[in-house]
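Q:
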Amino acid sequence: MQAMDALGDPVRRRLVELLADGQRSAGELATAVGAEFGVSQPGASRHLRVLREAGVVESVVDGQRRLYSVRAESLTEVELWVRGVRRFWDQRLDALETEVARGRRQARSTDPTHDQEARP
0 MQAMDALGDP
10 VRRRLVELLA
20 DGQRSAGELA
30 TAVGAEFGVS
40 QPGASRHLRV
50 LREAGVVESV
60 VDGQRRLYSV
70 RAESLTEVEL
80 WVRGVRRFWD
90 QRLDALETEV
100 ARGRRQARST
110 DPTHDQEARP
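Using numbering that gives the first Met the number 0, the first residue of the sequence shown is number 0, and each one after it goes up by one.
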């Protein structure tokens with residue numbers, strides 16, 4: 000499973016958001032998504048396993064706890080996709096902004112009250 004697939008679920012995206020601040024235990028993560036999404040501890044563990052298998056997070060065992068952290072390099076695929084989409088929308092939004100400005104200029108130039116309001 001790829002990172003994009005793993006991040007298709009809102010619970011898994013939230014887990015990654017929680018890990019953005021640093022390493023957290025499975026218990027802490029399960030409590031957080033349990034409160035937000037009503038996910039059980041076993042359910043949270045399954046989501047973490049999906050993220051781990053996709054290479055989005057990694058875990059280490061610390062005594063009886065399993066600590067998770069984000070593997071930033073695994074998010075490169077997501078970053079590249081977002082850049083492509085953003086480039087697509089930036090071009091279209093720039094074109095829209097140009098058309099809106101053009102429409103405003105044309106409206107002012109054809110508005111007979113515009114010149115009268117501007118004069119003292």
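C-beta: ideal position from N, C-alpha, C; glycine also. Quick caveat, the model's predicted, so the values are computed rather than measured.
(1) Answer with buried or exposed for Arg11, where buried requires no fewer than 16 other C-beta atoms within 10 angstroms of its C-beta.
(2) For the beta strand (DSSP E) that contains Asp61, what are its first and last residues?
(3) Can you say whether Val81 is buried or exposed, counting buried as having 16 or more other CB atoms within 10 angstroms of its CB?
(4) Residue ranges of each alpha helix (DSSP H) run of no fewer than 4 residues wholly in the stretch 40-100, ordered along the chain?
(5) According to DSSP, which residues form a beta bridge with Arg23?
(6) State the DSSP-derived secondary structure class of Val38, mapped to helix, strand or coil.
(7) For Leu28, collect the residues of the same chain with a Cβ closer than 8 Å to its Cβ; drop the 5 residues on either side in sequence, then sort them by chain order.
(8) Report the CB separation of Val55 from Val69 in whole angstroms; it is logged as a contact under 8 Å.
(9) In chain order, what residues of the same chain have a beta carbon less than 8 Å from the beta carbon of Gly21, not counting five sequence neighbours either side?
(10) Tell me the rounded alpha-carbon separation between Arg101 and Thr112.
(11) What separation, rounded to the nearest whole angstrom, lies between the Cα atoms of Arg64 and Glu78?
A: Once the coordinates are examined:
(1) By one-based count along the sequence shown, residue 11 stands at place 12. Buried: at least 16 other Cβ atoms inside 10 Å.
(2) As a working note, residue 61 is residue 62 in the sequence shown. Element bounds for Asp61: Val56 to Asp61.
(3) Walking along the sequence shown from the start, residue 81 turns up at place 82. So Val81 ends up on the exposed side.
(4) 40-52
(5) Numbered from its first residue, the sequence shown carries residue 23 at position 24. In the DSSP output, where bridge partners are listed per residue, Arg23 has Tyr67.
(6) Here residue 38 is taken as the residue at index 39 of the sequence shown, counted from 1. In this structure, Val38 counts as coil in the three-state DSSP scheme.
(7) Within the sequence shown, numbered from 1, the residue matching residue 28 stands at position 29. The residues are Leu14, Leu17, Leu18, Ala43, Leu47 and Tyr67.
(8) Position 56 of the sequence shown holds residue 55. Position 70 of the sequence shown holds residue 69. Rounded, the Cβ-Cβ distance is 7 Å, consistent with contact.
(9) Translated into the one-based positions of the sequence shown, residue 21 becomes position 22. Answer for Gly21: Ser68, listed in chain order.
(10) Residue mapping note: residue 101 aligns to position 102 of the sequence shown, counting from 1. Residue mapping note: residue 112 aligns to position 113 of the sequence shown, counting from 1. Between Arg101 and Thr112, the C-alpha separation is close to 19 Å.
(11) Working through the sequence shown from its first residue, we reach residue 64 at position 65. Working through the sequence shown from its first residue, we reach residue 78 at position 79. C-alpha separation (whole angstroms): 31 Å.
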